[in-house]
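Below: the structure, in structure tokens.
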Amino acid sequence: MNTSAQIQEIFNRHHGIVDAGTLLEEGVNYYQLNQLVDSGAVLKLKRGLYKWSDADTDEMVDVARIVQEGVFCLHSAALFHELSTFIPVEYHVAIPDKSKVVLPEYPPIKLYYWDPVPYETGIQIVTITGAPVQLYSPEKTVCDMVRFRQRVGMDSMKEVLKTYLDKPERNLSLLLQTAKTLGVEGLMRSYLEILV
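For the sequence shown, position 36 matches number 338 in our numbering, and the numbering has no gaps at all.
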């Protein structure tokens, strides 16, 4: 029989978020889990995924666990890389085009279904509050903002591109290589000629 403290330790080992299968393997039964949910000690993120309510996790970690194939993109990646001052009202997450994901009501998540090349290009894994999170590199983020300039808005796209170009660690050859892979090299060169 697991005590509340033992169950909390299971959550701690998994960065505050655990799926039901793991809890069952660790000896936690559904009755105990439901008691913890009813008491508010555990939050149900979505069916089969739970978070210890006091866990010190970033909301990006929660989203990464909810959308396990997801990669933070567009405004979310731009904000993380400090390329934009725009704070989106929802998390922007790319997933493979044939994926099926059930989203909870909270946190708000906007999914983008991408073909293999745009989905797989430029993925980075960063650590946030001890947990791995996938997001696109700064170069891929800039290219995506150019690709989706009509959807994200020209002002947002320009801000991201200008901010990237002002960074000392910018890598123009990698930016152009990524743009070529994504089919926006000509457009990127046009913007660079104006801004550089």
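Ideal placement from N, C-alpha and C gives every residue a C-beta, glycine not left out.
For Pro390, no beta strand (DSSP E) run applies, since DSSP gives it neither H nor E.
Between Phe374 and Val395, the beta carbon gap of about 6 Å places them in contact (Cβ cut-off 8 Å). By the criterion of a C-beta distance shorter than 6 Å, Ala380 is surrounded in its chain by Ser386, Thr443 and Val462, once the five residues flanking it on both sides are discounted. Straight-line measurement puts the Cα of Asp446 at about 11 Å from the Cα of Trp416. Secondary structure at Ala396: strand, using DSSP grouped into helix, strand and coil. In the structure shown, the three-state DSSP call for Pro440 is helix.
Taking every protein chain shown into account, the CB of Ser341 has fewer than 16 other CB atoms within 10 angstroms, so this residue is exposed.
By the 16-neighbour rule on beta-carbons within 10 angstroms, Gly372 is buried.
Cβ contact annotation for Arg367 (same chain, cutoff 6 Å, sequence separation greater than five): Ile319, in chain order. Cα atoms of Thr483 and Asp457: separation of roughly 24 Å, rounded to the nearest angstrom. Only residues of its own chain outside the window of five on either side were considered, and among them Ile430 and Thr431 have a CB closer than 6 Å to the CB of Asp360, listed in chain order.
If you draw a 10 Å sphere on the C-beta of Tyr352, you find 16 or more other C-beta atoms in it, and that means buried.
With 16 or more neighbouring CB atoms inside 10 Å of its own CB, Pro440 falls in the buried class. When DSSP reads this structure, Thr465 sits in no beta bridge, so it has no partner. About 6 Å separates the Cβ atoms of Leu478 and Met490, confirming a contact at the 8 Å cut-off. Counting the other Cβ atoms within 10 Å of the Cβ of Ile496 gives fewer than 16, which makes it exposed. For the pair Phe388 and Lys464, the Cα-to-Cα distance works out to about 14 Å. Looking at the backbone, the Cα of Val339 and that of Val428 are separated by about 30 Å.
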